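Okay, so here's the structure we're looking at.
Protein chains: 2
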Amino acid sequence: MKTDFNEKQIQILLIAETLFAENGFEGTSIRTIAKEAGINVAMVSYYFGSKEKLLEALIVYRTSDLKIQIENLSVEDLDPVEKIDKMIELYVNRIRCNKGIYRILHFEFSTEEKEDKLKVLNEVRDKNLKSLETIIHEGQQKGIFRKDIIIPLIPPTIMGTFFHFTMNKAYFKKLLLLETDEQFENYIQTKLKTHIQQTIKALLIYES
Amino acid sequence: MKTDFNEKQIQILLIAETLFAENGFEGTSIRTIAKEAGINVAMVSYYFGSKEKLLEALIVYRTSDLKIQIENLSVEDLDPVEKIDKMIELYVNRIRCNKGIYRILHFEFSTEEKEDKLKVLNEVRDKNLKSLETIIHEGQQKGIFRKDIIIPLIPPTIMGTFFHFTMNKAYFKKLLLLETDEQFENYIQTKLKTHIQQTIKALLIYES
DNA sequence: ATAAAAATTAAACAACTGTTTAATTTAAAC
DNA sequence: GTTTAAATTAAACAGTTGTTTAATTTTTAT
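These protein sequences, in sequence, are chains Y and Z.
Numbering-wise (my numbering), the first sequence opens with residue 391 and increments by one.
Numbering-wise (my numbering), the second sequence opens with residue 391 and increments by one.
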């Protein structure tokens, strides 16, 4: 599998990413990509073979990016609660910086069965889940966290909350009286992030 | 705004809903809809005017459905914690039964600015939020719930968790060893529902 | 400077897109 | 039974789609 792209290819990939995220895969024509990138239509086929393969290349390009971003929190010298806080901050920032590709991965690939192309993404997810498990088990051994937690359901709550909020930008901007995009972005990094941290910590610690 | 449709129109709407949810708006052609519905291509234009207006009609049709489904929990004779449980159950069931239209509303309308068409949806959201506020305020007055909760961020956690889980069906089926679609559906109605309930209750009750 | 390879182009391709037309069939009203 | 309206059809429309071709320019290597 090809993982190295030249400057021109990367330029095309980045523009395709934006357009796919904005208008969907089917909603974006090669001609639009070409026009936006200031190149000839044929160049996409020339470099990537087809529109489908362009999407695959984009996913390869971006998920290899994500791989690198994985940090191993479980080794750091923090107590479990602090580790949870930090992990959520990492989650939020990672999605925030890769909104485009996340959107594409979740919406273009959600229904269809292109599992092979999602292998890399699944590897990232599995590794994240492992890190999370390590942290929670540590907290459970120290008697801080409850023991009847279904750990695989925690990332959906973190990511899902974030996604649902950003996907309904217009609605929440109006609801929370956030006038500019900057205010919206700022709200995510402060209030929303804190809300998610509070939620997960409460779930882990609370005894009913 | 037209809100009544005849049998034939509803048949077309339902098939369009499935196809839009599966392949997206741009990814679904009128001819595919017509073929699937066993009608002539021209009938869509004849009944709805255009593909765009077909989508609008679908949203009108479905959101008027949703409106009726809104129950007013806040008046029932239950304690706040039970009300939260019941409300989440309603949330989960409502999304579960209207997966298609929710997907369309969130993904086809997320980026573009077709706010006027989303008015009905926003009304439903606002009403749900009001109900939730009533319940939480009651719990706060009784000293059961904490007072520093950002209430508008709770629906994103409920809906987001659910969505993220269903959107990544293939991944979670493999991860949780759910072999059939029935097992997956069952997991949603039991474990996932309980997880969301636990999460929200913990957030509301837990004192740090 | 010359030859080979890579990059870029405009044009053409057939298939598909949403939509409209005009003719025909079916149903309703009188 | 006749007239009028609604429903349905196949065909055509013009525009767009992804992709390929073959010619041309640019870059690289010798």
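Glycine residues also receive a C-beta, built at the ideal position from the N, C-alpha and C atoms.
Since the structure is predicted, the reported quantities are computational estimates derived from the model, not experimental observations.
query: Span of the alpha helix (DSSP H) holding N576/Y?
result: Residue numbering aside, residue 576/Y sits at position 186 when the first sequence is read from its first letter. From DSSP, the alpha helix (DSSP H) with N576/Y extends over D571 to Y577.
- prompt: Along chain Y, which residues have their Cβ under 7 Å away from the Cβ of Q588/Z?
  reply: Your numbering for residue 588/Z matches position 198 in the second sequence. Residues of chain Y passing the Cβ test: L593.
- prompt: The alpha helix (DSSP H) spanning R601/Z covers which residue range?
  reply: No statement about residue 601/Z is possible, as the shown extent of chain Z runs from 391 to 598 and does not include it.
- prompt: Among T524/Y, Q579/Y and I449/Y, which residue has its Cα nearest to the Cα of L468/Y?
  reply: Position 78 of the first sequence, counting from 1, holds the residue named residue 468/Y. For L468/Y, the nearest C-alpha among the options comes from T524/Y.
- prompt: In whole angstroms, what separates the C-alpha of K546/Y from that of L568/Z?
  reply: Here residue 546/Y refers to the residue found at position 156 of the first sequence. Here residue 568/Z refers to the residue found at position 178 of the second sequence. Note that residue 546/Y corresponds to Pro in the displayed sequence, not to Lys. Cα to Cα, the separation comes out at about 17 Å.
field: Per-residue contacts from E416/Z into chain Y (C-beta, under 9 Å)
entry: Numbered from 1 along the second sequence, position 26 holds the residue referred to as residue 416/Z. Correct list: N413, G414, F415, E416, G417 and T418.
message: DSSP three-state label for N518/Z, please.
response: Along the second sequence, read from residue 1 onward, the residue named residue 518/Z stands at position 128. The answer is helix: DSSP assigns N518/Z an H, G or I state.
query: Taking only beta-carbon atoms, is P542/Y less than 8 Å away from chain Z?
result: Indexing the first sequence from 1 puts residue 542/Y at position 152. Closer than 8 Å: yes.
query: Are I586/Z and F552/Z touching if we call contact CB-CB under 8 Å?
result: The residue labelled residue 586/Z in the question sits at position 196 within the second sequence. The residue labelled residue 552/Z in the question sits at position 162 within the second sequence. Yes, the Cβ-Cβ distance between I586/Z and F552/Z is below 8 Å.
query: Taking Cβ-Cβ distances shorter than 9 Å, what residues in chain Y pair up with M477/Z?
result: Against the second sequence, residue 477/Z aligns to sequence position 87. Going along chain Y, no residue has its Cβ under 9 Å from M477/Z, so there is no contact; the nearest lies around 16 Å.
query: Nearest CA to the CA of V431/Y: which residue from I402/Y, E407/Y and A447/Y?
result: In the first sequence, residue 431/Y corresponds to position 41, counting from 1. The shortest C-alpha separation from V431/Y is found at I402/Y.
query: Comparing alpha-carbon positions, which option in G490/Y, V471/Y and K425/Y lies nearest Y451/Y?
result: Sequence index remark: in the first sequence, residue 451/Y carries index 61 (1-based). If we check each option's Cα against that of Y451/Y, G490/Y comes out closest.
message: Residues of chain Y with CB closer than 7 Å to the CB of N512/Z, please, in chain order.
response: Here the question's residue 512/Z lines up with position 122 in the second sequence. Here the neighbours are Y561.
task: Using a Cβ-Cβ cut-off of 8 Å, state whether K581/Z counts as contacting chain Y.
output: Walking along the second sequence from the start, residue 581/Z turns up at place 191. Closer than 8 Å: yes.
field: Straight-line Cα distance separating G529/Z from I449/Y
entry: Along the first sequence, one-based indexing puts residue 449/Y at 59. Along the second sequence, one-based indexing puts residue 529/Z at 139. Their Cα atoms are separated by approximately 46 Å.
message: Please list the terminal residues of the continuous alpha helix (DSSP H) segment that includes Y437/Z.
response: Sequence index remark: in the second sequence, residue 437/Z carries index 47 (1-based). Note, Y437/Z: alpha helix (DSSP H), A432 to F438.
query: Cβ atoms of N512/Z and Y577/Y: under 8 Å apart, would you say?
result: Residue numbering aside, residue 577/Y sits at position 187 when the first sequence is read from its first letter. Residue numbering aside, residue 512/Z sits at position 122 when the second sequence is read from its first letter. No. Outside cutoff.
message: Between N413/Y, T418/Y, E416/Y and G439/Y, which has its C-alpha nearest Q399/Y's C-alpha?
response: Position 9 of the first sequence, counting from 1, holds the residue named residue 399/Y. Checking every option, the nearest Cα to that of Q399/Y belongs to G439/Y.
query: In the structure shown, what three-state DSSP assignment does T551/Z receive?
result: If you number the second sequence from 1, residue 551/Z lands on position 161. Helix at T551/Z.
task: Report the rounded CA-to-CA distance for K532/Z versus I544/Y, giving the unit in angstroms.
output: Numbered from 1 along the second sequence, position 142 holds the residue referred to as residue 532/Z. Numbered from 1 along the first sequence, position 154 holds the residue referred to as residue 544/Y. Each residue's Cα considered, the two are about 30 Å apart.
message: The alpha helix (DSSP H) that contains K563/Z, what's its start and end?
response: The count along the second sequence starts at 1 and reaches residue 563/Z at position 173. Run containing K563/Z: K559 to L565, per the alpha helix (DSSP H) assignment.
query: With 8 Å set as the bound, which would you pick, yes or no: does the beta-carbon of G533/Z sit closer than that to a beta-carbon of chain Y?
result: Counting from one through the second sequence, the residue named residue 533/Z turns up at place 143. Output row for G533/Z: interface = no.
- prompt: Is E442/Z helix, strand or coil by DSSP?
  reply: Here residue 442/Z refers to the residue found at position 52 of the second sequence. E442/Z falls in the helix class under three-state DSSP.
field: T408/Y to V514/Y span [Cα, whole Å]
entry: Working through the first sequence from its first residue, we reach residue 408/Y at position 18. Working through the first sequence from its first residue, we reach residue 514/Y at position 124. For T408/Y and V514/Y, the distance between alpha carbons rounds to 22 Å.
- prompt: For N396/Y, which of helix, strand or coil comes out of DSSP?
  reply: Counted from its first residue, the first sequence places residue 396/Y at position 6. DSSP places N396/Y in coil when its eight states are reduced to three.
field: Exposure of R493/Y, with buried meaning 16 or more beta-carbon neighbours within 10 Å
entry: Indexing the first sequence from 1 puts residue 493/Y at position 103. Its Cβ being crowded by 16 or more others within 10 Å, R493/Y is buried.
query: Closest by CA to M557/Z, which one among H554/Y, K581/Y and F497/Y?
result: Locating residue 557/Z in the second sequence gives position 167, where the first residue counts as 1. Nearest C-alpha to M557/Z: F497/Y.
Closer than 8 Å to chain Z by CB, H527/Y: Within the first sequence, numbered from 1, the residue matching residue 527/Y stands at position 137. It does not: the Cβ of H527/Y has no partner Cβ on chain Z nearer than 8 Å.
task: Please list, in chain order, all residues of the same chain as F395/Z whose beta carbon is under 8 Å from its beta carbon, the five residues on each side excluded.
output: Sequence index remark: in the second sequence, residue 395/Z carries index 5 (1-based). For F395/Z, where only same-chain residues beyond five positions count, the Cβ hits under 8 Å are L403, A447 and Y451.
field: Pick from K537/Y, L519/Y, E479/Y and G428/Y that is closest to E597/Y, judged by C-alpha positions
entry: Working through the first sequence from its first residue, we reach residue 597/Y at position 207. Comparing Cα positions, the closest option is K537/Y.
- request: Report yes if the C-beta distance between G428/Z and E416/Y is below 8 Å; otherwise report no.
  value: Translated into positions along the second sequence, residue 428/Z becomes position 38. Translated into positions along the first sequence, residue 416/Y becomes position 26. In this structure, E416/Y does not lie closer than 8 Å to G428/Z by Cβ.
message: Rounded to whole angstroms, what is the Cα-Cα separation between E412/Y and A406/Y?
response: Taking the first sequence and counting its residues from 1, one reaches residue 412/Y at position 22. Taking the first sequence and counting its residues from 1, one reaches residue 406/Y at position 16. So the alpha carbons of these two residues sit roughly 10 Å apart.
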